[in-house]
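If you count the sequence shown from 1, position 188 lands on 826 in the working numbering, and the numbers rise without skipping. Report on the following structure.
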Amino acid sequence: MKYLLYMLLAAALLLAGCEENQSGSQAAAIEKIPLGDLELLLHQPLTLQDTSESSLSSLYKDILYTYEWEHQGQVQVRIRTLANGDRFAMLQLDNESSEPLALDVSVPQPDASDYYFIDWHRDVKERAHDGVIGLDKTTPPSGLLRYSKDGRFLYEAVVSKQYQSMVRTELYKNGQQSNVRELTAEKDTLQHDGSGFSFTLEAPPNQLSEQWFMLAKEPLFKTADHLSDWIDFQYNHYQEVNNWFTVDGSIKKLPWSIEPFTKQGYGHHLGTMIEKEAIDRYFKSGDRYFYNLTLQSVGNLLEYRAQKGDSIWKTEYTSTWLKQKYDITSPYVDTRHNELIAIYLHRIGKEFDEKVLIDALPHYADYLLNLIAIGNIVETKRGYLPADYYSPHQGKQYIHASLNHALGEANLLIDAYHATGEKKYLDAAGQIRRGIESLGEQWIRPNGDLWYQVNRDLSFDGNDYKWLTLGDLIRHEKKWQALGNKKSPVLQKLIESKQNALAK
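If you want it as structure tokens, here you go:
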């Protein structure tokens, strides 16, 4: 009898021990990342390898978590905490194995008693093939969730779609490389109810899977009309917005003229990383969602530059057009992209009194003056035009200057003069203006439209943008007149000819 009681007691202890071990194993299989009052849960036994922090103290703070998925891959999570307390979470699952991987992710809502979901899907016509980028298959976030407790607002969340992709790299003899992503799928795995929301990152063998979400402590839109208008804008002007945020910045559809080539080529496109539309809407409406996207833009741009170890922003993928014509491969400097980045960062810096961002304008203006000093220009009889691109590794120095780039650089230099009072910027802007004027009506094509570019031998080539250059011309004349100068008869002629061509 005593033996039987002993065996029963031993069995009970053994079962208890098993339950404890199972419970402990299950707890260890969930990685928890703090999100203020909430937690981000990764439902998989992962090993934390590293955490790193970076910040622009007055605007945001980043923590990057890097986990090892033993013998299978890596998980990275970037938590960006904004100055208003809201958060972006960007997740990446890198499957290095020969089998599919799936990572369940959840954000529990323990205090919520009610919630609702606004679906951001719109029934729109299928996108037409674009002559430059082909077909962009990415779509806006799944929607907006609002959680409350007994009628009291708790927070809102916007959750993106999931993006699966392969990394494509082209290596060059000079030691440089071109990097693009090939999109293989966009998925919507979002699940939600009153207890929280969740999704599953699914990475095929040797692919990446990425998704992001935003958490807000206050309502993101001041009115329902602002929200509805933004949803519509994202679909109708899809080339101007970012749907795909990663731990390394935003990813956007690239032109077909890239190397390595893929029709589904995506990458870090500096022109859209700026988030121009969202920033403009923030300054107009003050909506919290656009404030958050404004700071997201700052964080993405500064982190991208820091990762590259550069003082300005260089394009990381090769344009086959530039390669064939000038033997330029990535990384290289696109002057127009850097001009727009500097202007927007300066504008944001003035709004939030952040010196690092304010200084982006004169910093790039000085860089541009250095490019001019080393002869990266198209010289004219009076003045010059800065070349559109620059790379210290380029094989040929004979790079063209386009009218829109030249006007943009002149306008930036005028802004730098206003910001600093340093006459060197105004002198350079005057030289660019004289360079444009000295070519006179040669800028006008036989059909009345304008040529896109002037080459080193002062020949003209290329079809101009429909509206972009006209806006640059008008802005430049206004900036020049604001300095107390007269209108340019040559530039007025170009404006009139362009307007007439558009009216036909």
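Using N, Cα and C, we set each Cβ at its ideal position, and we do this for glycine too.
Only residues of its own chain outside the window of five on either side were considered, and among them Lys891, Pro893 have a CB closer than 6 Å to the CB of Ile771, listed in chain order. Considering only Phe726, Gln730, Glu794, Phe837, the residue with the shortest C-alpha distance to Asp752 is Glu794. Looking only at Ser744, Trp758, Ile1012, the smallest Cα-Cα distance to Ser866 is reached by Trp758. Looking at the backbone, the Cα of Ser744 and that of Gly834 are separated by about 7 Å.
At a Cβ-Cβ threshold of 8 Å, Ala721 and Leu702 do not count as neighbours.
Sequence-distant partners of Thr884 (beyond 5 residues in either direction) whose C-beta falls short of 7 Å from its own C-beta, in its chain, are Met728, Gln730, Glu848.
Between Arg725 and Leu673, the C-beta gap is smaller than 8 Å, which places the two residues in contact. The segment 979-987 and the segment 836-843 do not touch, with fewer than three beta-carbon pairs separated by less than 8 Å.
Between Ile671 and Leu678 a beta carbon distance of about 4 Å is seen, short of the 8 Å cut, so the two are scored as contacting.
With fewer than 16 other Cβ atoms from the protein chains shown falling within 10 Å of its own Cβ, Asp675 counts as exposed.
Restricted to the segment 765-851, the beta strand (DSSP E) segments that are unbroken, complete and at least 3 residues in length are 781-787, 790-797, 800-809, 815-825, 829-831, 834-841, listed in chain order.
For the set Thr967, Val971, Thr956, the Cα lying nearest the Cα of Asp948 is the one of Val971. Going by DSSP, Ser888 is part of the beta strand (DSSP E) stretching over 887-891.
C-alpha of Glu915 to C-alpha of Lys1061: approximately 32 Å in a straight line. In the three-state reduction of the DSSP assignment, Trp882 falls in the strand class. The segment 767-786 makes contact with the segment 804-824: 3 or more CB pairs, one atom from each, lie closer than 8 Å. Contact between the segment 704-711 and the segment 799-814 is absent, with fewer than three C-beta pairs closer than 8 Å. In this structure the segment 1002-1012 lies against the segment 1049-1057, because at least three pairs of beta carbons, one per stretch, are closer than 8 Å. With contacts defined as CB atoms closer than 8 Å, Arg1113 and Ser1076 fail to qualify as a contacting pair. Distance from the CA of Ser693 to the CA of Asp700, rounded to the nearest whole angstrom, comes to 6 Å. In this model, Asn1085 and Leu1129 are separated by some 18 Å (Cα to Cα).
In the structure shown, Leu741 adopts extended strand secondary structure according to DSSP, grouped into three states. The beta carbon of Tyr929 lies closer than 6 Å to those of Tyr920 in the same chain, with the five residues before and after it left out.
In this model, Ala944 and Lys1131 are separated by some 44 Å (Cα to Cα). In the same chain as Asp749, and ignoring 5 residues on each side of it, the C-beta atoms closer than 7 Å to its own belong to Lys787, Leu792, in chain order.
Its chain contains Leu773 as the residues whose beta carbon lies nearer than 8 Å to that of His767, once the 5 sequence neighbours on both sides are disregarded; these appear in chain order.
Per the coordinates, the alpha-carbon of Thr861 lies some 29 Å from the alpha-carbon of Arg765. Beta-carbon to beta-carbon, Leu1009 and Val1092 are separated by about 17 Å, too far to satisfy the 8 Å threshold.
Its chain contains Glu808, Ser816, Ile896, Glu897, Thr967, Ser968 as the residues whose beta carbon lies nearer than 7 Å to that of Thr956, once the 5 sequence neighbours on both sides are disregarded; these appear in chain order. Just so you know, the alpha carbons of Gln687 and Leu680 end up roughly 15 Å apart. Gly903 and Gly769 have their alpha carbons spaced roughly 14 Å apart.
Cβ contact annotation for Gly1068 (same chain, cutoff 8 Å, sequence separation greater than five): Gly1021, in chain order. Counting along the chain, the unbroken beta strand (DSSP E) around Asp757 starts and ends at 752-757.
Linking Ser735 to Leu684 through their CA atoms gives a straight-line distance of about 15 Å. Thr704 has Asp688, Gln714 as its beta-bridge partners, per DSSP.
Rounded to whole angstroms, the separation of the alpha carbons of Asn938 and Met911 is 7 Å.
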